[in-house]
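To start, the structure under review is shown below, and the notes come after it.
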Amino acid sequence: MTDRAFAVVRAGALTTVQDRGRFGHAHLGVPRSGALDPYASGLVNRLVGNPVDAAVLETTVNGCAVRPRRAVTVAVGGAPCRVTVDGRPVAWGAAVRVPAGAVLEVGAAVRGLRSYVAFAGGVAAEPVLGSRSTDLLSGLGPAPLTDGAVLPLGPEPSRRAPACDTVPWPGPPGELVLHVRLGPRDDWFTRSALRTFATRAYRVSPASNRIGLRTEGPPLERGVAGELPSEGMVLGAVQVPPDGRPVVFLADHPTTGGYPVVAVVRERDLAAAAQAVPGTPVRFIPIR
Amino acid sequence: MRTLAVGERALLVELDSGEETEAFHAELLRRRAAGALPAVTEIVPAARTVLLDGVEEPGRLAALVSGWEVEPLHARVEPAVEIPVRYDGPDLPDVAALWGVTPEEVARIHSAAGFRVAFCGFAPGFGYLTGLPAAYEVPRRATPRTAVPVGSVAMAGPYTGVYPRASPGGWQLIGTTDAVLWDPAREPAALLSPGTRVRFVPQGVECR
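Following this line, the structure appears as structure tokens:
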């Protein structure tokens, strides 16, 4: 392997490689995958002069640490955290030069859940079906990072990094407001269940992951008994399993499913869902 | 045919039967190949529906497909994919008992049927195959297995499927194949895709 690479010093709870995801293969059962917070991954890429769809690292809760073999420009964004190079604090949300052999430490998220680490040139893991994203549902793409693993980096972009040296970031939500469009299976629920869904407060469950944001709160009662034949599922689908607690499908969601989808979350609201810590209040607001 | 909006960028088309669903899916692929379908990122057929995802104007597309004359499904000309099977699954005796026949008869009946991939899902490369008469439907196992070995040939409801990798599963295991259902390094990665015709070729029957 060339020296355009980095070694994983501390993998963290769950650190994966993510780009914009895998498209066009859902009919074969291949999830879309991709960065859960695409705004944050796009912003850190811009800071190091990458195209917005270059592959980055997505950390979960407690960050990670890596040691590039050659000097490289990086940017850490998404969930705010302490960032150091060989123990010395450096800026979060800005381009930083990491010398060859130095350790870039991405600390635990102070707020939010997922930080993003962009390297100039991008993480150059082997693409699978057109994407470098780790897919945790079906195991496609590079494996989640492990201590000691070495990942390649792409060539530094010839484009100069942008003149701006910081980028705005909305911050993790104190309350997760998810605008939804009802359907396609809202008619499988009682009117009272739909009222509950639209008016009552839910909370983010600790059982949430890249596949789905699980919620705790009042169960939604079905008006139609029986089983729904499996049907195609979209990003943001609010599926209601037999326990009645809504699950919002995130990037690694299965491509088909057999529980009714009461509503679909507006795509631009999903980045906040990626940063909502367990216990965050959730409100579903139907829109027309 | 009924169309249902799914969020802001998708459309679910619901049909009356599995056969109509397959015919509608084939029609979609024909029209897309002919350049007569607006841009769609994903076309996901399922049991009674086809999902069209990544659509600019789902309302307009709904109006468009509702006016289509859908060609009935006709047998494809390309040969069936042959999957060699050892009928040696741990649930073979249970399936035989449900059908009221011997395990050897299960193998004979199953391998005599012409299958077609109705849709894929559950895991990359997993196809839901239809083709057995309705009398041979079997329930899922009451308790799913935590680990089903790769290559297991299994049945549930009206479907037969082959596990492309080891995973948990609740289907009745009737046999085993060495066929590679999914290989991302291969082109195409999936041995089976919606519409593919399939035959199971018996390599022996053995009760475990």
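Chains as they are written, first to last, in our numbering: chain X, 68 to 355; chain F, 17 to 224. Where is the CB? At the ideal position from N, CA and C, for every residue including glycine.
Compare the Cα-Cα distances from residue i to each of the options and report the closest residue.
| i | options | result |
| --- | --- | --- |
| X/ARG289 | X/SER272, X/ARG312 and X/ARG270 | X/ARG312 |
| X/ARG77 | X/VAL119, X/LEU110 and X/ALA132 | X/ALA132 |
| X/VAL165 | X/VAL139, X/LEU124 and X/ALA176 | X/VAL139 |
| X/ALA121 | X/PHE186, X/ALA72, X/ASP104 and X/PRO147 | X/PHE186 |
| X/THR201 | X/VAL307, X/GLY101 and X/THR69 | X/GLY101 |
| X/VAL84 | X/SER297, X/PRO194, X/VAL328 and X/GLY303 | X/PRO194 |
| F/ILE190 | F/PRO119, F/PRO88 and F/ALA150 | F/PRO119 |
| F/PRO74 | F/GLY211, F/LEU27, F/ALA182 and F/ALA128 | F/LEU27 |
| F/PRO88 | F/ALA78, F/ILE125 and F/SER33 | F/SER33 |
| X/ALA74 | X/ALA169, X/SER272, X/ARG355 and X/ASP104 | X/ALA169 |
| F/VAL81 | F/ALA172, F/MET17, F/PRO160 and F/LEU108 | F/MET17 |
| X/ASP310 | X/PRO285, X/HIS320, X/GLU294 and X/ARG350 | X/PRO285 |
| X/GLY188 | X/LEU218, X/GLY160, X/PHE351 and X/VAL177 | X/LEU218 |
| X/ALA210 | X/LEU124, X/ARG270 and X/GLY174 | X/LEU124 |
| F/GLU167 | F/GLU121, F/ALA151, F/VAL111 and F/TRP198 | Position check: residue 167 of chain F holds Gly in this sequence, whereas Glu was assumed. The shortest C-alpha separation from F/GLY167 is found at F/TRP198. |
Is the beta carbon of residue i sitting closer than 8 Å to the one on residue j?
| i | j | result |
| --- | --- | --- |
| F/LEU114 | F/VAL133 | no |
| X/GLY339 | X/PRO353 | Rather than Gly, the amino acid found at residue 339 of chain X in this sequence is Ala. Cβ distance not < 8 Å, so X/ALA339 and X/PRO353 don't count as in contact. |
| X/LEU196 | X/LEU212 | no |
| X/LEU287 | X/VAL314 | no |
| F/ILE99 | F/VAL221 | no |
| F/GLY130 | F/ARG215 | yes |
| F/GLU179 | F/PHE142 | Residue identity differs from the one stated: residue 179 of chain F is Tyr in this sequence, not Glu. Result yes, Cβ atoms of F/TYR179 and F/PHE142 sit closer than 8 Å. |
| X/ARG258 | X/VAL328 | no |
| F/VAL226 | F/GLU43 | Lying outside 17 to 224, the shown extent of chain F, residue 226 of chain F is not represented and no answer is given. |
| X/VAL247 | X/VAL301 | no |
| X/THR263 | X/ARG181 | no |
| X/TYR183 | X/VAL119 | no |
| F/ARG64 | F/GLU30 | yes |
| F/TRP187 | F/ALA201 | no |
| F/GLY185 | F/PRO155 | no |
| X/ASP336 | X/LEU245 | yes |
| X/GLY79 | X/GLY130 | yes |
Hey, does residue i have any beta-carbon neighbour from chain X nearer than 8 Å?
| i | result |
| --- | --- |
| F/GLU98 | no |
| F/CYS136 | yes |
| F/THR65 | yes |
| F/SER33 | no |
| F/PHE142 | yes |
| F/THR176 | no |
| F/GLU153 | no |
| F/LEU148 | no |
| F/GLU73 | no |
| F/SER209 | yes |
| F/ASP69 | yes |
| F/GLU43 | no |
| F/GLY23 | yes |
| F/GLU203 | no |
| F/ALA128 | no |
Return the CA-CA distance between residue i and residue j, expressed in angstroms with no decimal places.
| i | j | result |
| --- | --- | --- |
| X/SER198 | X/GLY88 | 6 Å |
| F/GLY137 | X/VAL97 | 8 Å |
| F/THR37 | F/VAL66 | 7 Å |
| F/ALA62 | X/GLY299 | 6 Å |
| F/ALA52 | F/VAL71 | 14 Å |
| F/VAL22 | X/ALA343 | 24 Å |
| F/HIS41 | F/LEU148 | 21 Å |
| F/VAL56 | F/LEU68 | 6 Å |
| X/PRO237 | X/GLY346 | 19 Å |
| X/ARG267 | X/GLU283 | 11 Å |
| F/GLU153 | F/THR176 | 10 Å |
| X/VAL141 | X/VAL128 | 20 Å |
| F/VAL97 | F/ASP194 | 14 Å |
| F/PRO95 | F/ALA128 | 15 Å |
| X/LEU153 | X/VAL163 | Reading off the sequence shown, one finds Asp at residue 153 of chain X, where the question assumed Leu. When rounded, the distance between both Cα atoms is 13 Å. |
| F/PRO204 | X/GLY91 | 13 Å |
| X/GLY303 | F/ILE125 | 42 Å |
Under the criterion of a Cβ to heavy atom distance below 7 Å, does residue i qualify as lining the ligand NAD?
| i | result |
| --- | --- |
| F/VAL111 | Only the bare structure without any ligand can be found here, which leaves the ligand NAD out of the picture. |
Is the shortest distance between the beta-carbon of residue i and the beta-carbons of chain F less than 8 Å?
| i | result |
| --- | --- |
| X/GLU242 | no |
| X/VAL76 | no |
| X/VAL301 | yes |
| X/ALA93 | yes |
| X/ASP322 | Checking the sequence shown, residue 322 of chain X turns out to be Thr, not Asp. Judged by the 8 Å Cβ criterion, X/THR322 is in contact with chain F. |
| X/VAL195 | yes |
| X/VAL97 | yes |
| X/VAL119 | no |
| X/PHE316 | no |
| X/SER198 | no |
**Item:** Unbroken stretches of the beta strand (DSSP E), 3 residues or longer, contained in the stretch 231-271 of chain X
**Value:** DSSP runs (the beta strand (DSSP E)) wholly in the stretch 231-271 of chain X: 243-249 and 269-271.
**Prompt:** Curious, which full-length beta strand (DSSP E) runs of at least 3 residues does the stretch 34-109 of chain F contain?
**Reply:** Runs found: 58-61, 65-69 and 97-103.
**Item:** Contiguous beta strand (DSSP E) assignments of at least 3 residues, all confined to the stretch 309-334 of chain X
**Value:** Within the stretch 309-334 of chain X, the complete beta strand (DSSP E) runs of at least 3 residues are 314-316 and 328-332.
**Sequence ranges, beta strand (DSSP E) only - wholly within the stretch 184-210 of chain F, length at least 3** = Correct list: 188-192.
**Request:** Mind listing, in chain order, the continuous beta strand (DSSP E) runs of no fewer than 3 residues lying wholly within the stretch 97-137 of chain X?
**Result:** 123-125 and 131-135, all fully within the stretch 97-137 of chain X.
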